[in-house]
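Just below is one structure, and these are the notes that go with it.
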């Protein structure tokens, strides 16, 4: 066996290892906790009783207000780190889902890995008390303004916005077509569990896709108007739902959808296919 083939074999063994599987499953729990908190905060905003922003920053502030909150956040950070590592393994070896070795699937895993790394870093920075204390919306505006200050930055923001809209639409399609079931060990579930997972996945992923689509639209508007103030973070995008004729009930409905996605993520922690492609 050559050194190259030996390294490749060792890498695949690591990607298939029990410890990476448990890191991934812990990451899905962390993701679920994150969306549960954001959804609850958004419900409170919709009902006019919320004080924290409905985003990762608001969720962290809400958690540390309770005894053991710092420990819980460290565990969530570890979970996101594990989920990022698992997604990076998918970039190399492909996903467990059908056609999981395609370039599109690998790029999707890379994008998700970057998001989870950013979430992990954000929590660690918060826990260590370093970095910016600005809200997620202001940070989004600042980051967008910085990007647009470079040559061609405006068009890059526009393209990113279109990409985020496409991701949101793909999530909605995934929910409607129940494609998410291809990533789960559905055959290992009982009939009642299968029915529950299908409902939770549809509602949760549809709501999450709707929020992503709204976030992308604001980025598109930002790039088209060259106005960084148009950019919105998660909290800002959710609050825009209150400006519709269905306010505040549309925001509450979307928020409950995010809570549902949080619950679904916990089911993913149990039933997700984690084997490399």
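Numbering (full-length UniProt numbering), first residue to last: 1 to 277.
All C-beta atoms in this analysis are idealised placements derived from N, C-alpha and C, irrespective of residue type, glycine included.
Remember, predicted model here, so these are calculated numbers, not experimental data.
First through last residue of the alpha helix (DSSP H) which encompasses residue 109: 103–128 is the extent of the alpha helix (DSSP H) around residue 109.
May I ask you to report which of helix, strand or coil DSSP gives residue 246? Residue 246 falls in the coil class under three-state DSSP.
Enclosing alpha helix (DSSP H) for residue 55 [first to last residue]: Segment: none, residue 55 is in no alpha helix (DSSP H) and carries neither H nor E.
Taking the alpha helix (DSSP H) that residue 80 belongs to, which residues open and close that run? Where residue 80 is concerned, the enclosing alpha helix (DSSP H) stretches over 69–93.
Between residue 206 and residue 168, which are expected to be in contact by the criterion C-beta below 8 Å, what is the C-beta distance as a whole number of angstroms? Separation of the CB atoms of residue 206 and residue 168 is rounded to 10 Å, and the pair is thereby denied contact status at 8 Å.
Cα-Cα separation between residue 233 and residue 55, rounded to whole angstroms: CA-to-CA, the gap between residue 233 and residue 55 works out to about 8 Å.
Label residue 99 either buried or exposed according to how many other C-beta atoms from any shown protein chain fall within 10 Å of its C-beta, with 16 as the threshold for buried. Counting C-beta atoms within 10 angstroms of its own C-beta, residue 99 has fewer than 16 neighbours from the protein chains shown and is therefore classed as exposed.
Quick check: what's the CA-CA separation for residue 86 versus residue 245? Approximately 42 Å, taken between the alpha carbons.
Secondary structure of residue 263, DSSP reduced to three states: Taken through DSSP and simplified to helix, strand or coil, residue 263 comes out as helix.
So, helix, strand or coil for residue 178, using DSSP? Coil.
Sequence-distant residues of its chain with Cβ nearer than 7 Å to residue 164 (five each side left out): Excluding positions up to five away in sequence, the list reads 212, 215, 216, 219.
Compute the Euclidean distance between the alpha carbons of residue 263 and residue 106, then round it to the nearest angstrom. The straight-line gap from Cα to Cα measures roughly 26 Å.
Tell me whether the region 238–253 and the region 22–37 touch, counting them as touching only if at least three CB pairs, one residue from each stretch, are closer than 8 Å. Touching, no, given that fewer than three Cβ pairs across the two stretches are closer than 8 Å.
Rounded to the nearest angstrom, how far is the Cβ of residue 198 from that of residue 178, given a contact under 8 Å? About 6 Å; that satisfies the 8 Å criterion.
Own chain, CB closer than 7 Å to residue 109, minus 5 neighbours either side, in chain order: 87, 90, 91, 95.
Could you tell me which of 224, 83, 160, 69 sits nearest to residue 112, measuring between CA atoms? Among 224, 83, 160, 69, the Cα nearest to that of residue 112 belongs to 83.
Cross-strand partners of residue 184 (DSSP beta bridge): Partner(s): 272.
Per-residue burial, residue 275 [other beta carbons within 10 Å of its own, 16 or more giving buried]: Label assigned to residue 275: exposed.
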